[in-house]
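In this note's numbering, the protein residues as written are 63 to 315. The structure under discussion appears below in the form of structure tokens.
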Amino acid sequence: MNRLKITLATLAVALLAFAVRQAAHADDNRTDAVTAATPVQTHTFMPGEVVDEATLKNLGTDAFFSSQPIPDRIFSIMKGKSYKPDCTVPRKHLRYLLCLHRTREGKAVVGEMVVNKAIAADVLYILRKLYDNAYPIERMRLVDYWNADDERSMTDNNSSAFNFRFISHTQTVSKHGLGMAVDINTLYNPYCKRLSDGTDIVEPAAGKPYADRTKSFPYKIEKGDLCYRLFVEKGFKWGGDWKTMKDYQHFEK
């Protein structure tokens with residue numbers, strides 16, 4: 063009888079110890095779940111926002127460069143504008159880039175751009191190199207903030223990429239419509255074409271003073287400069303090299 067009591071007591075102690083271990087393990091699991099669901103939040107910098115140098119040093123430049131599928135929040139901005147109802151490019155084929163760029167005054171600004179996933183890695187690499195070398199880019203926001211109106215966006219010297227459209231009078235999607243072209247510092251690097259009747263077309267119209275490429279002015283892209291070299295090294299063609307027209311802001315694959 064005494065041996066039975068001892069055995070039962072020992073079993074009870076063992077069961078209690080097991081229960082305690084299981085409870086502790088369950089608490090650990092709950093703690094892990096809460097930690098995973100609620101990560102430590104840091105300040106989120108929005109596109110167009112200037113980042114001070116102390117913050118850059120603290121967070122590191124890498125924290126500001128990323129490529130991801132189009133978030134719902136961004137897609138809601140694009141729908142009906144750059145992503146038009148007749149858009150034939152699947153959303154899953156596009157990527158949303160976040161980056162930094164330096165203005166002429168040296169300010170570090172958060173930029174954003176939508177491109178085709180086929181060139182996303184190359185464009186992000188190029189934008190990072192331009193930033194690292196303080197190559198000046200004044201503005202880099204989605205064209206949707208100008209209601210996807212290229213003339214308005216370019217007049218504000220906005221650098222952008224995706225904007226769905228067909229080439230005029232065709233059913234061929236343009237390079238920008240595919241997200242396979244990037245425009246940089248658009249006001250100072252306009253599209254220029256002379257028609258057969260001698261009429262000169264400059265887009266944006268406000269960029270006419272910068273159609274004369276013999277002049278010096280800020281944000282000018284020149285053959286052989288860093289912006290040109292980086293894009294060409296990644297297989298892009300520059301509109302400034304075209305023969306029948308010039309598109310000095312434009313790089314495409």
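A virtual CB, placed ideally from N, CA and C, is assigned to each residue, including glycine.
Exposed unless 16 or more other CB atoms sit within 10 angstroms - verdict on residue i
| i | result |
| --- | --- |
| S312 | In the sequence on display, residue 312 carries His and not Ser. That one is buried. |
| R157 | buried |
| F126 | buried |
| L160 | buried |
| N219 | buried |
| K237 | buried |
| D245 | buried |
| D339 | Lying outside 63 to 315, the shown extent of the chain, residue 339 is not represented and no answer is given. |
| I229 | exposed |
Reduced DSSP secondary structure (H/G/I, E/B, other) of residue i
| i | result |
| --- | --- |
| G239 | helix |
| G269 | helix |
| A116 | helix |
| Y197 | coil |
| K208 | In the sequence under discussion, the amino acid at residue 208 is Trp, which differs from the Lys named in the question. Here W208 sits in helix by DSSP. |
| Y250 | coil |
| K315 | coil |
| F298 | coil |
| C161 | strand |
| A170 | strand |
| M140 | helix |
| M175 | strand |
| S129 | strand |
| V244 | strand |
| V264 | strand |
Distance between residue j and residue i (C-alpha atoms, nearest Å)
| i | j | result |
| --- | --- | --- |
| T276 | K308 | 14 Å |
| V264 | Y290 | 21 Å |
| E284 | L240 | 25 Å |
| T117 | F293 | 29 Å |
| K299 | D114 | 35 Å |
| T248 | A180 | 23 Å |
| Q233 | S144 | 17 Å |
| D124 | T150 | 33 Å |
Check whether residue i and residue j have beta carbons under 8 Å apart
| i | j | result |
| --- | --- | --- |
| A196 | G168 | yes |
| V171 | V235 | no |
| T140 | D206 | Per the sequence presented here, residue 140 reads as Met, with Thr not at that position. Taking 8 Å as the Cβ cut-off, M140 and D206 qualify as a contacting pair. |
| P280 | M216 | no |
| P271 | Y310 | no |
| S128 | A183 | no |
| K282 | Y250 | yes |
| I136 | R153 | no |
| M242 | K305 | no |
Interface flag, residue i vs chain C, CB-CB below 8 Å
| i | result |
| --- | --- |
| T106 | The structure shown contains no chain C, having only a single protein chain. |
* Sufficient close CB pairs (3 or more, under 8 Å) joining the region 179–194 to the region 152–164 -> Segments in contact, yes.
* To do: Answer yes if the region 216–228 comes into contact with the region 170–189, meaning at least three C-beta pairs across the two stretches below 8 Å, and no otherwise.
  => Cβ pair count under 8 Å is three or more, so yes.
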